[in-house]
Amino acid sequence: MQIFNSMNRRKEEFVPVEPGKIGMYACGVTVYDLCHIGHARSLVVFDVIYRYLKYRGYDVTFVRNFTDIDDKIINRSNERGITWKALAEQYIEEFYVDMDRLGLLKPTYEPRATDHIEEIINLVRQLEEKGLAYEVDGDVYYRLQGFKGYGKLSGKNIDDLLSGARVDIDDRKESPLDFALWKRSKVGEPSWPSPWGEGRPGWHIECSAMSQKFLGDTFDIHGGGQDLIFPHHENEIAQSEGASGKPLANYWVHNGFVNIDKEKMSKSLGNFLTIRELLEDCHPEVLRFFVVANHYRSPIDFSQENVAVAAAGLERLYQSLDRLLEKAAGSAGGSSSLDDRIEAWRQDFIAAMDDDFNSAAAVAVLFEVSKEMNRQLDEGETGIDPQAAAQVAEFMREIGEPLGLLQETPRDFLQRTTGKADNQLEAAEIESLIAARAAARKERDWAEADRVRDILDENGIILKDSAEGTKWQRKR
RNA sequence: GGCGCCAUCGCCAAGUGGUAAGGCAGAGGUCUGCAAAACCUCCAUCUCCGGUUCAAAUCCGGAUGGCGCCUCCA
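Count along the first sequence starting at 1, add 209, and that's the number in my numbering.
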């Protein structure tokens with residue numbers, strides 16, 4: 210398996226620290242607001258990686274944290290007149306609502322910063338002992354001068370950063386680049402006792418403390434959005450490696466951004482889309498399909514049109530699956546005449562995903578299966594038999610699983626309500642109209658049959674006639 | 001100003017040295033009462049210029065055009 214390592218900007222052969230086991234840490238969210246589709250992409254990307262590593266038989270320990278204390282949380286809770294704790298709890302709950310709808314697997318651990326104050330303090334003390342941290346009036350800063358290798362992940366060097374104009378001038382710090390490990394609390398702010406007085410953790414230290422606790426000094430994969438490379442991950446490296454003297458992670462994986470209509474998504478541009486808003490008229494698997502059909506490192510452009518294309522593609526796959534299951538008609542699956550064919554597809558899928566999680570190429574395998582199966586199904590009696598149909602359906606679900614696709618029953622997916630129109634026909638009404646049309650067709654009353662079909666069409670229902678009868682689905 | 005990424009068919013998107021995956025849309029055909037769906041066939045030489053090589057979309061140099069980071073950010 211090859212993984213593109215942000216540290217060297219190269220694909221590298223993946224070798225876990227411990228054979229068969231993988232430790233993976235992905236930076237989670239700061240819980241002060243609802244998650245947006247940028248979060249959704251990152252979350253889905255690492256969910257897919259997690260799922261795939263498990264599919265490949267690894268024993269994966271996946272850690273994704275919650276940042277539940279920081280400036281934004283404090284400010285927002287003050288605005289609302291509630292405690293920081295209440296605000297964090299609220300958005301952690303909202304986070305889980307979104308994650309469940311997106312079908313994300315639960316990580317092995319989901320630690321919160323404020324549950325690890327002791328570990329954080331210990332880590333800061335270690336850094337102090339090593340001369341890599343110093344206290345000023347209850348604040349503790351990281352001494353960058355003392356850590357060589359700063360900038361190795363982001364490709365920056367200290368001199369360039371110093372010459373940049375945007376560094377805060379703070380006379381109390383030895384260097385403008387030194388960042389806070391521990392912040393003295395102001396009056397009324399949440400705080401925890403520490404050797405430096407009442408205070409709270411700085412921005413980056415929690416990830417160092419928690420990854421060390423759950424995964425050890427050196428683990429396999431550290432992930433996050435590309436925007437986290439600097440300064441967050443760079444600072445994590447300084448903290449963790451400064452303390453342990455060992456590499457923090459062997460592979461750094463960063464996902465690309467989400468643009469909306471070719472513009473950067475931002476609150477100031479007003480093109481900010483939350484997961485929740487999106488899911489009002491977009492099936493979660495369509496969102497996943499959209500994410501997975503693109504390479505995780507490329508930027509993706511989010512637009513109505515692109516979502517529609519994703520929906521059309523996923524529907525095509527579900528349609529094939531639907532036909533296969535119909536053909537299988539309760540057949541057990543298991544081994545069949547298609548064993549070799551399926552194994553070849555499986556190897557194609559694995560080859561794609563083993564190549565730096567190339568999910569777009571993996572999706573192409575699903576389309577190949579779909580096309581081939583449709584062809585055979587069209588042949589009728591001389592084509593695929595029920596046993597093989599059941600086996601292929603099972604296989605499509607098998608490789609869909611790591612991608613988080615094709616996990617619904619096709620009928621549910623194809624006939625789901627969209628949430629767009631408020632007066633949608635009930636399934637029973639649709640069935641009775643179809644029956645009326647069938648009766649008219651039997652009488653060869655084409656005008657009446659077409660009239661009924663037009664009614665359904667106006668209500669967003671598409672009919673498909675076949676030898677076995679008429680099937681319907683909703684258009685979108 | 002510093003660091004870095006990207007540019008492949010009308011649209012989306014794989015491919016990083018050996019002669020362009022896949023999806024959407026489009027054209028023609030099969031099927032159908034007519035459709036829809038499905039199937040079959042067709043549909044790009046990879047922004048431009050120069051170089052390396054037997055061979056380049058893939059490597060090097062340059063140009064042009066996008067974008068990101070350098071400040072909280074998935």
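We put the CB at the ideal spot given by N, CA and C, even for glycine.
Nearest C-alpha to L526 among A502, P440, L370 and P619: P619. Straight-line measurement puts the Cα of F566 at about 7 Å from the Cα of I258. DSSP places E657 in the uninterrupted alpha helix (DSSP H) bounded by W655 to E667. In the structure shown, the three-state DSSP call for Q633 is coil. Looking from the CA of N464, the closest CA among A249, E588 and P225 belongs to A249. Judged by DSSP in its simplified three-state form, V272 adopts strand. When the beta-carbon positions are compared, L672 and R646 come within less than 9 Å of each other. Judged by DSSP secondary structure, M605 falls within the alpha helix (DSSP H) whose first and last residues are P595 to L612. Bounds of the alpha helix (DSSP H) holding L496 are P493 to V501.
For the 9 Å CB-CB criterion, I329 and I414 form a contact.
Pairwise C-beta distances place the stretch 540-548 in contact with the stretch 587-599, as three or more of them are shorter than 8 Å. Rounded to the nearest angstrom, the Cβ distance from V601 to L533 is 6 Å, consistent with a contact under 8 Å.
A direct Cα-to-Cα measurement between N668 and Q585 gives close to 33 Å.
Under the three-state reduction of DSSP, L482 is assigned to coil, being neither helix nor strand. Residue range W293 to L311 is occupied by the alpha helix (DSSP H) that includes W293. Close CB contacts of D510 within its chain, under the 6 Å cut and outside five residues either way in sequence, are with N468 and K471 (chain order). Taking 8 Å as the upper bound for CB-CB distance, P320 and N274 are in contact here, some 5 Å apart.
For N583, the secondary structure class from DSSP, reduced to helix, strand or coil, is helix. Separation of the CB atoms of R683 and Q624 is rounded to 6 Å, and the pair is thereby assigned contact status at 8 Å. Restricting attention to L478, S400 and M582, the CA atom closest to the CA of K294 is found in S400. Per DSSP, V253 lies in no beta strand (DSSP E) segment; the continuous alpha helix (DSSP H) that holds it begins and ends at I246 to Y264. One alpha carbon belongs to E607, the other to L314, and they sit about 16 Å apart.
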